[in-house]
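Undergrad:
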Amino acid sequence: MRYSLRILILVVAILFSLALTQSIRTMVSLSQAVVGPGGVAVARSKHIAVFLPEQETLYFQQIRTGVSSAAGRYDVAVSFHPIGADSQEFALAQYSGIDGAIIYPFLKDDEVLQRLNELEQQGIPVTLVEQDVADDWPWTFVGTNNFEMGRRIGSQLREDPRDGPIVVVYSDKSPAVAAEKELIELGMTTVMAERLSAPIMRRQTGLNPLDAEALTYQLLRSDPPITSLVFTDTDDTLAALQVIIDLNLVGDVQVIGFGVTDAIMDHLERGVLDATVAVNPQRIGIESVRVLAELMRTGNAPGYVDTGVEVIRGNS
Amino acid sequence: MRMRNSLRGQLIYSAIIGLAMVIASIIYILFATVRMQQIVNDQFQVERDFQELQQEVVAIRTPLLNYLSSRSSQALSRLLVEEQVLRSMVPEGLELTSDPVVLAEREIYSLLQSYLDLIQRAIDLKRARAIEEYTELYDEMVRLNDHIVERIDRISLTGLRGELARYEEIIETSRELLFWNLSVIILAFFGSTLWILISINRVTDPMNQLAAMAGKISGGNFDVDDIEVNTVHEMAAVISAFNTMKHDIRQYIGELNRQQQIEQGYMQERVRNLKMEQLLKRMELYTMQAQMNPHFLFNTLNTGVQLAITEDAEKTADFMEHLAQFFRYNMRERNLLVPLRREIESLEAYVYILRIRFPRSLDFSLNVSEDLLDVHTVPALMLQPLVENSVIHAFKGIDRDGKIEVSIWKEDAIVYLSVRDNGIGIDPDTAHRLLERHSRDVDHDSKVLGLENVIHRLYFIFPDQDDVISINSEPGWGTEILIRIDTEVTPSIPF
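Going down the list, the protein sequences come from chains A and B.
If you're matching positions, the first sequence starts at 1 in the numbering used here and goes up one per residue.
If you're matching positions, the second sequence starts at 317 in the numbering used here and goes up one per residue.
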């Protein structure tokens, strides 16, 4: 009886300890749950703000990925901010205590220049990405050479010439490309020259990812029929390809897409897509951080960093 | 320690331990509940802080506008008060980390700091009456103020969204915490109850053992083991007293048993003495019967001796003289212990008579040291009956010459008297029966009356000496009857 009681009290003591331990552990867990998972915060020496358009396209996601991956390497803390007519963040960036700014200048040039000058006056170094501004001051630039992009697109079109008109579809989803339409078309014209059977046609899509679908329907039913389509945004490319497949026009229409996502590469491999323009937004993000970090550290940096452009051909 | 082992101490101790466990558990539950409330409170503390900051940021707009539009000292003082309030809300040394939330907070405070600097600048411009500049600056400050409010809204919204996302997890964790806390208090209560039960058992177990032992003792079993338990002082004292009582009773009963045994021995001794007196009376009767007319016998024998001398029959005279000597010793000796010399002389007279009777068939030898004869006394009439026993019984049915050897010697304090013959021997059962020590009447029908008489007389005289006489006999080899007389032992019968 006595030994049974002792064994029982031992069991109760063990259970009590277990319950107490679990209770304390749960309380700690509750504290952590309130604090939130969060990553491990690492102290950084500089704060840079990255101003990108608000649209959540794959292109900008990859730029963000590149910036974030490079932040640790260059000991900078990065905050992302929207840039656009509706956002005051870029306009008031000079007051935000940042040490540097990476800007995708998705605004009118005069407004951008005003803000850039304000930042410059506050001693905040700036790096522009993908889209340059027309100014005498050599703002540091990291991105794709759109003239070169046009040349490479032109080279692809020249190798497989069609009789019909060529349509380049620009998009608000790729504002940097859309902002330099002339440069792209100049590059295309430079390569194709007399082989252009008709002037290059321009079309524009908005931020709606389905815009390109309706536009492609419209273009393929036009007279004379369109034989070559060039897209400057990945989402537009995918939407257009679906229309071409639905209309059973694969092979009849030459399509040059934009981006190197899995879906794009899959279409390329199956011959639905003739070629795709491969820019490297992730590298743009990495290089922009590197250039800005150098600018903050030394006060000097390369004025222009070309992150390169390639046209990948189908079945090549 | 002593207090703890006392009954009172044990009760107090167990009660305190039990209550302490429950109270500690309740305190812990209280602490856990408060902590849980604090955790939930902390969950929204940042949002509340930002809410307060936002209110202050909004609140400073009016005094700023009032001052810039009126330039009154009252408006200025209010503006400065509000500005100080806001400035006090800006933490010093804002850390710079990779955490986006911390970065957002840092930006908000940097914007606020810039806004406060612009207020100072606006005051300076107002004082300098630079109307165009401060009007333009005011526009910028309004935008900045709106932006700060909007950023605070955004970070609060982000925080609230995060809290809402974690709300379910927090509720689930809270339920789990409540369950474990409930388990803690139930187990604490259960544990304290068990503890008290064990403490009670420390008292009741020995009592049960005491009751069981008392039952055994009441049944007459005093050989039960002592109770050995670790219990409180009071019970230990009771148990110790009980064990002592058991020992004392057992000792008392043992003493009673010993006294009873002594009384039984005393009674047996008395019976034996009575029997011995009876035997002595009988022996006296025998003696008296044998002395019916000793004077007539001795005178007759003397007349025979004188007659033989007169007739020159010397051998007859010699025989008659030895015969007279033998009867004189046998019939007239009243002492139970006699000098060894007299016993030997009587034996020699008897042997002389035997040799006359059995001149050829009996070989008798006597080995005794002259030194012993006058030093030691032996019971009277020991040797002659033994020799007579051998002569009568030892040589029945055998053709060879009989041989009887009497030897007397001394080793240490023991005087040995040995009568040995080479006759037919005594069977073991008879020898064992003869040597039985228990009291019994003399068997008158016994064929070894003389031997039995000697044995019983020796037992009477030396009651505590078990080996006073022994019979060594083997069929065909003969018999030796050996008497051991311890000269250091006083005979039990006073003479």
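C-beta atoms are modelled at their ideal positions from N, C-alpha and C, and glycine is treated no differently.
Keep in mind that this is a model prediction, so the values were computed, not measured.
(1) Using three-state DSSP, classify A:Lys-46 as helix, strand or coil.
(2) Keeping to the same chain, check which residues put their C-beta closer than 6 angstroms to that of A:Thr-237; ignore five residues upstream and five downstream.
(3) Are any of the Cβ atoms in chain A nearer than 8 angstroms to that of B:Val-500?
(4) Residues of chain B with CB closer than 8 angstroms to the CB of A:Arg-290, please, in chain order.
(5) Nearest-angstrom Cα distance between A:Gly-143 and A:Gly-308?
(6) Using a Cβ-Cβ cut-off of less than 7 angstroms, give me the residues of the stretch 503-515 of chain B that come near chain A, in sequence order.
(7) Taking the C-alpha atoms as reference points, what is the distance between B:His-760 and B:Gly-766?
(8) Over the uninterrupted alpha helix (DSSP H) stretch that includes B:Asp-440, give me the two end residues.
(9) Identify the contact partners of B:Ser-385 in chain A, using a Cβ-Cβ distance below 8 angstroms as the criterion.
(10) Just grab the DSSP bridge partners of A:Gln-254 for me.
(11) Does DSSP classify B:Lys-631 as helix, strand or coil?
(12) Determine the chain B residues that contact A:Ala-275 at a beta-carbon separation under 7 angstroms, and present them in chain order.
(13) Can you confirm whether A:Gln-74, when its beta carbon is compared against all beta carbons of chain B, has any partner nearer than 8 angstroms?
(14) Say whether chain B places a C-beta atom closer than 8 angstroms to the C-beta of A:Ile-63.
(15) Mind listing which residues of the stretch 403-420 of chain B have their C-beta closer than 9 angstroms to chain A's C-betas, in chain order?
(16) DSSP three-state label for A:Ser-4, please.
(17) Just checking: is the beta-carbon of A:Ser-4 within a distance shorter than 8 angstroms of some beta-carbon in chain B?
(18) Suppose only complete runs of 3+ residues qualify. What are the beta strand (DSSP E) ranges in the stretch 236-297 of chain A, listed by chain order?
(19) If you follow the beta strand (DSSP E) that A:His-81 is part of, which residue opens it and which one closes it?
(20) Using 8 angstroms for Cβ pairs, my map puts A:Ala-263 next to A:Ile-312. What's the rounded Cβ distance?
(21) Taking the C-alpha atoms as reference points, what is the distance between A:Leu-268 and A:Ile-48?
(22) Which value, in whole angstroms, describes the spacing of the CA atoms of A:Arg-270 and A:Val-250?
(23) Could you name each continuous alpha helix (DSSP H) segment of 4 residues or more that falls completely within the stretch 136-172 of chain A, going from the start of the chain to the end?
(24) May I ask you to report which of helix, strand or coil DSSP gives B:Asp-728?
(25) Out of curiosity, what's the CA-to-CA distance linking B:Val-758 and B:Thr-746?
(26) Please name the residues in the stretch 481-499 of chain B whose beta-carbon is closer than 8 angstroms to at least one beta-carbon of chain A, in chain order.
(27) Measure from the C-beta of B:Ile-342 to each C-beta in chain A and report whether the shortest distance is under 8 angstroms.
(28) Between A:Asp-136, A:Arg-115 and A:Ala-134, which has its C-alpha nearest A:Val-126's C-alpha?
(29) My output table needs one value for B:Leu-384: the three-state DSSP class, helix, strand or coil.
(30) Name the chain A residues whose beta carbon is nearer than 8 angstroms to that of B:Arg-422?
(31) So which residues of chain A does B:Ala-348 contact, with C-beta pairs closer than 7 angstroms?
(32) Helix, strand or coil: how does DSSP classify B:Phe-811 here?
(33) Taking the straight line between their C-alpha atoms, what separation do you get for B:Trp-496 and B:Ala-504?
(34) Is B:Gln-685 helix, strand or coil by DSSP?
(35) Closest to A:Glu-185 by C-alpha separation, out of A:Asp-211, A:Thr-205 and A:Arg-152, would be which residue?
(36) List the residues of chain A that B:Met-529 touches, going by C-beta distances under 7 angstroms, in chain order.
TA: Judging by the given coordinates:
(1) Start at 1 with the first residue of the first sequence, and residue 46 of chain A comes out as number 46. Note: A:Lys-46 maps to strand in three-state DSSP.
(2) If you number the first sequence from 1, residue 237 of chain A lands on position 237. Excluding sequence neighbours, A:Thr-237 sits near Phe-231, Gly-257 and Phe-258.
(3) As a working note, residue 500 of chain B is residue 184 in the second sequence. Yes, contact with chain A.
(4) By one-based count along the first sequence, residue 290 of chain A stands at place 290. Neighbours of A:Arg-290 on chain B: none; closest Cβ ~17 angstroms, over 8 angstroms.
(5) Within the first sequence, the letter at position 143 stands for residue 143 of chain A. Within the first sequence, the letter at position 308 stands for residue 308 of chain A. When rounded, the distance between both Cα atoms is 8 angstroms.
(6) Leu-503, Ala-504, Phe-506, Gly-507, Leu-510, Trp-511, Leu-513 and Ile-514
(7) Numbered from its first residue, the second sequence carries residue 760 of chain B at position 444. Numbered from its first residue, the second sequence carries residue 766 of chain B at position 450. Any reading at B:His-760 must be qualified, since the residue scores a pLDDT of 46, below 50, and its modelled position is unreliable; the value itself is stated next. Rounded to the nearest angstrom, the two C-alpha atoms are 10 angstroms apart.
(8) Counted from its first residue, the second sequence places residue 440 of chain B at position 124. Element bounds for B:Asp-440: 416-443.
(9) Residue mapping note: residue 385 of chain B aligns to position 69 of the second sequence, counting from 1. Within 8 angstroms Cβ-Cβ: nothing; B:Ser-385 doesn't reach chain A, min ~24 angstroms.
(10) The sequence position of residue 254 of chain A within the first sequence is 254, counting from 1. DSSP output for A:Gln-254 lists A:Ser-228 as bridge partner(s).
(11) What you label residue 631 of chain B is simply residue 315 of the second sequence in a count that begins at 1. Three-state result, B:Lys-631: helix.
(12) The residue labelled residue 275 of chain A in the question sits at position 275 within the first sequence. Ordered by position in chain B, no residue passes the 7 angstroms Cβ test against A:Ala-275, which lies about 38 angstroms from the chain.
(13) Counting from 1 along the first sequence, the entry for residue 74 of chain A is found at position 74. Looking at the sequence shown, residue 74 of chain A is not Gln but Tyr. Not one chain B Cβ lies under 8 angstroms of A:Tyr-74.
(14) Residue numbering aside, residue 63 of chain A sits at position 63 when the first sequence is read from its first letter. It does not: the Cβ of A:Ile-63 has no partner Cβ on chain B nearer than 8 angstroms.
(15) Leu-410, Glu-411, Leu-412, Thr-413, Ser-414, Asp-415, Pro-416, Val-417, Val-418, Leu-419 and Ala-420
(16) Residue numbering aside, residue 4 of chain A sits at position 4 when the first sequence is read from its first letter. A:Ser-4 falls in the helix class under three-state DSSP.
(17) Within the first sequence, numbered from 1, the residue matching residue 4 of chain A stands at position 4. No, A:Ser-4 lies away from the interface with chain B (no Cβ there is under 8 angstroms from its Cβ).
(18) 254-258 and 275-279
(19) On the first sequence, position 81 is the one that residue 81 of chain A refers to. Per DSSP, A:His-81 belongs to the beta strand (DSSP E) from 76-82.
(20) For the purposes of this step, residue 263 of chain A is taken as the residue at position 263 of the first sequence. For the purposes of this step, residue 312 of chain A is taken as the residue at position 312 of the first sequence. Actually they do not touch by this definition, with Cβ atoms about 14 angstroms apart.
(21) Indexing the first sequence from 1 puts residue 268 of chain A at position 268. Indexing the first sequence from 1 puts residue 48 of chain A at position 48. Approximately 38 angstroms, taken between the alpha carbons.
(22) The sequence position of residue 270 of chain A within the first sequence is 270, counting from 1. The sequence position of residue 250 of chain A within the first sequence is 250, counting from 1. If you take the alpha carbons of A:Arg-270 and A:Val-250, they lie about 10 angstroms apart.
(23) 146-159
(24) To locate residue 728 of chain B, count along the second sequence from 1; it is residue 412. Three-state result, B:Asp-728: coil.
(25) For the purposes of this step, residue 758 of chain B is taken as the residue at position 442 of the second sequence. For the purposes of this step, residue 746 of chain B is taken as the residue at position 430 of the second sequence. The predicted model places B:Val-758 with a pLDDT of 47, which falls under 50 and marks its position as unreliable; any figure quoted below should be read in that light. One C-alpha to the other measures close to 15 angstroms.
(26) Arg-482, Glu-485, Ile-486, Thr-489, Ser-490, Glu-492, Leu-493, Trp-496, Asn-497 and Ser-499
(27) As a working note, residue 342 of chain B is residue 26 in the second sequence. By this cut-off, B:Ile-342 is not an interface position.
(28) By 1-based counting over the first sequence, the position of residue 126 of chain A is 126. Among A:Asp-136, A:Arg-115 and A:Ala-134, the Cα nearest to that of A:Val-126 belongs to A:Arg-115.
(29) Within the second sequence, the letter at position 68 stands for residue 384 of chain B. Here B:Leu-384 sits in helix by DSSP.
(30) Within the second sequence, numbered from 1, the residue matching residue 422 of chain B stands at position 106. The answer, in chain order, is His-47 and Gly-97.
(31) Numbered from 1 along the second sequence, position 32 holds the residue referred to as residue 348 of chain B. Within chain A, the residues near B:Ala-348 are Ser-23 and Met-27.
(32) Walking along the second sequence from the start, residue 811 of chain B turns up at place 495. Note that B:Phe-811 scores 40 on pLDDT, short of 50, meaning its location in the model is unreliable; the coordinates nonetheless yield the value given after this. Reduced to three states, the DSSP call for B:Phe-811 is coil.
(33) As a position in the second sequence, residue 496 of chain B is number 180, starting the count at 1. As a position in the second sequence, residue 504 of chain B is number 188, starting the count at 1. Straight-line Cα distance between these residues: approximately 12 angstroms.
(34) Here the question's residue 685 of chain B lines up with position 369 in the second sequence. In the sequence as displayed, the identity of residue 685 of chain B is Ser instead of Gln. In this structure, B:Ser-685 counts as coil in the three-state DSSP scheme.
(35) Counting from one through the first sequence, the residue named residue 185 of chain A turns up at place 185. If we check each option's Cα against that of A:Glu-185, A:Arg-152 comes out closest.
(36) Counting from 1 along the second sequence, the entry for residue 529 of chain B is found at position 213. Going along chain A, no residue has its Cβ under 7 angstroms from B:Met-529, so there is no contact; the nearest lies around 18 angstroms.
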